[in-house]
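The block underneath contains the structure these notes are about, expressed in structure tokens.
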Amino acid sequence: MSDVQNIFKLRKEGRIDEALTLAEVLYVRNPSDPWAIRAYGWVLYDKLKGALASGSEDDIFLYSGKLENLDIPEEEQILKNQVSYLLSRTSMPERTLSRASQLDYNGEHGNALELFRQLRDQYSGDISRYHNAYGWCLYKYLKTLISNQAAGREVWKGLLEEYFKLQIEKPSQLNSLMLFQTLSHFKDDNEFMIKWAGEFDWVKFRTEDFSPFEKDGKVYPGLAERSILALAKSLFSSGNRLRIEGIQETLDSALAKFPANIWLYYYKAKMLVALGHLEDAKAFVIPVVREKKSDFWSWALLGDILSEDDIETAISCYCNAVSCKSEEKFLINTRWSFGKLLQVAGLDQEAKYELELSLKTRTEQGYNIPSDKTRLLEEDWFLKAEAKVENKSFYREHAGKAVDYVFGSLPRFNGNLIRTFIRPDDPEKSVRARLVLAGTDGNLIYTSVRIRNYPALCRLQPGDAIQVTVDPGKKLRIMKVESREAFENFDLLPWEIAVVDHVNRKKSVTHLSWERDSGAVLQGIPYAEGDFVRLKVISRKESDHGPVNEILVHEPTDFVPSKEVVRLFSERLRINSEKGFGLAGNVFIPQELVQLSGIREKNGSLIEGLAVASQNPRDGKWGWKALKVE
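For the record, in the sequence shown the residue sitting at position 79 is 1189 according to our numbering, with numbers rising by one throughout.
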């Protein structure tokens, strides 16, 4: 075995000192031999690597010097690269970073942070590339303290502030994790959140930060949504006009991304008010109320805004808010704001009812009663006032003003309630109402709505007249339904004059026609063939044979249907002796009618009767069929 082979064998076995002794002898003997240089270079590499790991200053100085003076041939590229990298780590910043990283890896995050801070404070050069390792160490240390509930919130806050000053790549996993910790523990600390916003490039998020997450069967907003909302809340609370103006563009983008977040709408509107843009705030919120008219918070938000200059309409808004279907626990703050507004308006009895109900619910839910609320209950007016037994009648009396305020500028259509029903495919089994509306072009519009969203419909019967307020956007949306006076039921629908053209006694159904291609079936046999009936009908659905019409109203009439549907005839009778049917001119007389009318013996005689338009199923041609003969 050659000396070189023996040196590499000793390295592989971990006998580095023996390998070094042999390599030095070989190198001194043959300093220009490539194999001697290679063997000596790798052994020196091993020794320097070990010195860096142990932190031995003397060994680092010794072996780094020898490697720097070693003339490694160009063809030994791997050795040259490895040596170059190792020598770069012999600088004091690099060695400090290496020790800090090792301590961090071993779980000694506090000790590692001390070295990172030394690196930060003692070296004037650019150490930004160390910040990522520094940031991860801060995160792991912070997470450990929080998990153990150690050191206290001020220490946690200090670690976050330390992190804010680092040059961390954004977006990144580390950045998102630190954001999460900030929001989890300090979102209600407005001062800190404002400082965070100033220090932090918070608008840079990963794609996954926009996605909601699920925990314990519940779905929560994603990190980006939570961050923007927390910032909006803090900046609004600060009252700083410049800060509030600065977030408007971002808030608008957030509203486009998270349209279901009610609190983003809330703070947007409140910020507009704070900036003195009261009319803009109203204009912003009104479409929100139209969209969320069944949600208490939308009415409460508008009421809050209007309380600045229109207390009467604001009270009306709150009447609508507390009338929305919602659990009382969600109305605690709304009722409290409502009560305070009522008291300002001098409605002490109504005010006391709302305030007491708010406090009662708060107590039932196990919530603390803040001192400001306790003080209000000790005021003279509250002690003297006798609370109303209920405020529902007050709500009904005053709700209309806000409804007109929100929907007054929208177009109104007349309509009728057709019926109520439950869709078989509706898992909620919500009661729906089918409506017919008179469109602006004169055409009838058929639609259906959930009754729970329109209280007025609960008090109406099929055929009753209504007036609906609509949002005529891309898709017609009904915003409000009111009762309307009318002369008759289904007043929007025209009367159709029909003839009974067939009675099926076996199935107990009656068929009527008012146009050649328009007919409907009536259950039962209230009329005889040839009777005239006036109808109100709707087209319920389409089939392979055309629209299926539904009769809503029917009654006998002396009016005559269209000449296209019925006609009187006076012609000579011709009997087909073989098949038993008759003909009177171009009018076909079915065999059954020939028998029932007793006209078989009148063959050749002049007869009169009533005929209905009838389509031949074989060729589709229209002709006439007798309904009555004399």
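Just so you know, even glycine gets a beta-carbon here, dropped at the ideal spot from N, CA and C.
- With contacts defined by Cβ atoms closer than 8 angstroms, A1608 and L1645 form a contacting pair.
- DSSP lists V1643 as the bridge partner or partners of P1666.
- Contact check for A1431 against E1466 fails: the beta carbons are separated by 8 angstroms or more.
- Inclusion of R1148 and L1189 in the CB contact set at 8 angstroms is warranted, their separation being smaller than that value.
- For E1538, the closest of I1561, L1554, S1519 and L1547 by C-alpha to C-alpha distance is I1561.
- Note on T1292: 16 or more other CB atoms within 10 angstroms of its CB, so buried under the neighbour-count rule.
- Looking at the DSSP output, D1581 bridges to R1587.
- Looking at the DSSP output, H1621 bridges to H1612 and V1631.
- With a cutoff of 8 angstroms on beta-carbon distance, I1699 and V1739 are scored as near each other.
- In this structure, DSSP gives G1165 a state outside helix and strand, which the three-state scheme calls coil.
- Annotated three-state conformation of I1278 is coil, per DSSP.
- In the DSSP assignment, R1626 is bridged to no other residue.
- Setting aside the 5 residues that flank it on each side, M1589 is surrounded in the same chain by R1400, K1403, F1517, L1520, T1579, V1580 and D1581, each with a C-beta closer than 7 angstroms to its C-beta; the list follows chain order.
- For N1526, the enclosing beta strand (DSSP E) stretches over residues R1522 to I1532.
- Q1277 is positioned such that its CB atom lies no closer than 8 angstroms to that of H1219.
- L1683 places its beta carbon less than 8 angstroms from that of K1712.
- According to DSSP, K1328 shares a beta bridge with K1325.
- Separation of the CB atoms of V1643 and H1612 is rounded to 13 angstroms, and the pair is thereby denied contact status at 8 angstroms.
- In the structure shown, the three-state DSSP call for R1125 is coil.
- Annotation: I1717 to E1681 spans about 6 angstroms, alpha carbon to alpha carbon.
- DSSP places G1476 outside both helix and strand once states are collapsed to three, so it counts as coil.
- Pairing V1329 with T1206, the inter-Cα distance amounts to about 44 angstroms.
- By the Cβ test, the segment 1721-1737 is in contact with the segment 1612-1630, since at least three Cβ pairs between them sit closer than 8 angstroms.
- Under the three-state reduction of DSSP output, K1735 falls in the strand class.
- When the five nearest sequence neighbours on each side are left out, the beta carbons in the same chain lying within less than 8 angstroms of the beta carbon of Y1155 are those of L1177, L1189, Q1192, V1193 and L1196, in order along the chain.
- Distance from the Cα of A1163 is smallest, within the candidate group R1209, P1144 and R1472, for R1209.
- Cβ neighbours of Y1564 within its own chain (closer than 8 angstroms, five residues either side excluded): A1543, I1588, K1590 and V1591.
- In the DSSP assignment, I1607 is bridged to R1644.
- The criterion of a C-beta distance shorter than 8 angstroms is not satisfied by L1469 and A1461.
- Take the alpha-carbon of L1341 and the one of S1649: they are about 54 angstroms apart.
- Secondary-structure assignment with DSSP links V1559 through a beta bridge to A1543.
- Burial state of F1523 is buried, judged by a 10 Å Cβ sphere holding 16 or more other Cβ atoms.
- Distances from the alpha-carbon of K1122 to those of L1289, W1152 and V1135 put W1152 closest.
- Per the Cβ contact rule, the segment 1259-1279 is not in contact with the segment 1316-1325 (fewer than 3 Cβ pairs under 8 angstroms).
- I1425 and A1566 have their C-alpha atoms spaced approximately 21 angstroms apart.
- Under a 10 Å Cβ-count criterion, S1408 is classified as buried, with 16 or more other Cβ atoms of the shown protein chains found around its own Cβ.
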